[in-house]
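Our numbering puts the first residue of the sequence shown at 51, with every later residue one more than the last.
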Amino acid sequence: MKTTKRTLALCTGLLLCLACFALPISAADALPAQGELKMITYNIDGLPLPAFINGYGHYPWRDAAEIGRQIAADGCALLAVQEDFSNYFSIRRAFAAPYYSYNQGNIPAGDGLDFFSQHPIYNIERRAWAQRYGGFTYGATDEYTPKGFQHAVMELAPGVYLDVYNLHANAGGGGAGNPAAAARRAQFQQLSAYMQEHSQGRAVVVLGDFNTRLRQPFDGLYEVLMEPNGLRDTWAETFNDGREAYTGQSDWYQESGVDRIMYRSGDAVALTLVTSCHQPWRTAEGRDLSDHAFSWAATFAYAFTGVTEEGVELGAPKPMPVLEKAWGYIYHFFRDLGILFTKDLPNLLGV
51 MKTTKRTLAL CTGLLLCLAC FALPISAADA LPAQGELKMI TYNIDGLPLP AFINGYGHYP
111 WRDAAEIGRQ IAADGCALLA VQEDFSNYFS IRRAFAAPYY SYNQGNIPAG DGLDFFSQHP
171 IYNIERRAWA QRYGGFTYGA TDEYTPKGFQ HAVMELAPGV YLDVYNLHAN AGGGGAGNPA
231 AAARRAQFQQ LSAYMQEHSQ GRAVVVLGDF NTRLRQPFDG LYEVLMEPNG LRDTWAETFN
291 DGREAYTGQS DWYQESGVDR IMYRSGDAVA LTLVTSCHQP WRTAEGRDLS DHAFSWAATF
351 AYAFTGVTEE GVELGAPKPM PVLEKAWGYI YHFFRDLGIL FTKDLPNLLG V
């Protein structure tokens, strides 16, 4: 009898050990049913320009590594970057996130958008803006890169997902009727249509360099993107009494930047804004690490509702195939030559 008991105990122990090895344990499995997530959006100025050219002593590769180290030490759960052209590996190694998107490459082929996450991200999609405006002589160079938005599904727990978006909208100022503003409005419409098709019922966080403010209604940020998708702006909630639609109020707070984070709750995840703020990242000597003096940071309280999604197909991020990346460089090089000779050069010559 004792031998039988010992044998059963041994077999049970072996089965438990095998079960432990067989079951994948991820960061998402350990996430409690409620807690907080800090997210940061930052335009890191990753153009491959040395310090003596860019005008403010910025070293793209070295500064990207410092950005990664500082933000990692800050406890960031998700970092969304823009203009990540020449310094992807520097920031990836320094931030040391277990999950990340793979970079498209340097200019002119890359869109400069990337995610670095402490939680698993899947199904990464990139979309270039269908409408862009601007060349070297137009006050912005948006037509020279495939600027657009990036979408990923973040797994917070098995069957519990959060959709995250990273965007870089058209640069350039101007009021109603300005081509740059018209391009931004079209871009927000494009993102809104994509979100309504791909993020139905899910909690959503949208991070990025919007190149506009809520008090610029001609860009359509509120009525085109936010209102149709139920998005709340973290700056407006923190600093503007939750007011998001600008109607010319005299007490409207003016100091919002172009870097923004927006969000909404979903069927499975309830999000509540805890705090949001401009957050600087500087060298020990006090120099800004990007031409954007601040990132925008937001901390959310999350709570699982008990609803889960079953049967969701999840694809892990994969690097772009070498031939596809090489073709992207060739295609965009000749495409940009066409823009230079048909738009910028005639404009420069006054034709």
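Even for Gly, the Cβ is constructed at its ideal location relative to N, Cα and C.
Where do the N-terminal and C-terminal ends of the alpha helix (DSSP H) with VAL372 fall, by residue?
For the purposes of this step, residue 372 is taken as the residue at position 322 of the sequence shown. Note, VAL372: alpha helix (DSSP H), 372 to 389.
With three or more C-beta pairs closer than 8 Å as the rule, is the stretch 160 to 176 touching the stretch 191 to 209?
With the rule of 3 Cβ pairs closer than 8 Å, the stretch 191 to 209 counts as touching the stretch 160 to 176.
From the DSSP output, in three-state form, read off LYS88 for me.
Stepping through the sequence shown from its first residue, residue 88 is reached at position 38. In the three-state reduction of the DSSP assignment, LYS88 falls in the strand class, which pools E and B.
Enclosing beta strand (DSSP E) for GLN181 [first to last residue]
Position 131 of the sequence shown, counting from 1, holds the residue named residue 181. Note, GLN181: premise wrong, no beta strand (DSSP E); not H, not E.
Excluding the 5 residues flanking ARG263 on each side, which residues of the same chain have their C-beta closer than 6 Å to its C-beta?
Position 213 of the sequence shown, counted from the start, is the residue given in the question as residue 263. Same-chain partners within the cutoff: SER306.
DSSP-derived helix/strand/coil call for PRO98
In the sequence shown, the residue the question calls residue 98 occupies position 48. Residue state, collapsed to three classes: coil.
Counted within 10 angstroms of its Cβ, other Cβ atoms place GLU175 as buried (16 or more) or exposed
Taking the first residue of the sequence shown as position 1, residue 175 is located at position 125. So GLU175 ends up on the exposed side.
Report all residues from its chain with a CB closer than 7 Å to the CB of ARG182; omit the five preceding and five following residues, and keep chain order.
As a position in the sequence shown, residue 182 is number 132, starting the count at 1. So the qualifying residues of the chain are ASP192, GLU193, LYS197, ASN220 and ALA233.
Contact set for SER167: own chain, Cβ-Cβ below 6 Å, skip 5 residues either direction
Here residue 167 is taken as the residue at index 117 of the sequence shown, counted from 1. Correct list, in chain order: LEU128, ALA147 and TYR149.
Short of 7 Å in beta carbon distance, which residues of its chain neighbour GLY270, apart from the five on each side in sequence? Order them along the chain.
In the sequence shown, residue 270 corresponds to position 220, counting from 1. Answer for GLY270: ARG235 and PHE238, listed in chain order.
In angstroms with no decimal places, state the Cα-to-Cα distance between LEU387 and LYS88.
Residue mapping note: residue 387 aligns to position 337 of the sequence shown, counting from 1. Residue mapping note: residue 88 aligns to position 38 of the sequence shown, counting from 1. Approximately 42 Å, taken between the alpha carbons.
To the nearest angstrom, how far is the alpha carbon of GLY400 from that of GLU359?
In the sequence shown, the residue the question calls residue 400 occupies position 350. In the sequence shown, the residue the question calls residue 359 occupies position 309. Near 58 Å, if we compare the C-alpha coordinates of GLU359 and GLY400.
Roughly how many angstroms lie between the CA atoms of GLY258 and VAL210, to the nearest whole one?
In the sequence shown, the residue the question calls residue 258 occupies position 208. In the sequence shown, the residue the question calls residue 210 occupies position 160. So the alpha carbons of these two residues sit roughly 24 Å apart.
Would you tell me roughly how many angstroms separate the C-alpha atoms of PHE231 and GLY222, rounded to the nearest one?
In the sequence shown, residue 231 corresponds to position 181, counting from 1. In the sequence shown, residue 222 corresponds to position 172, counting from 1. A quick correction: the sequence has Ala, not Phe, at residue 231. Going from the Cα of ALA231 to the Cα of GLY222 covers about 7 Å.
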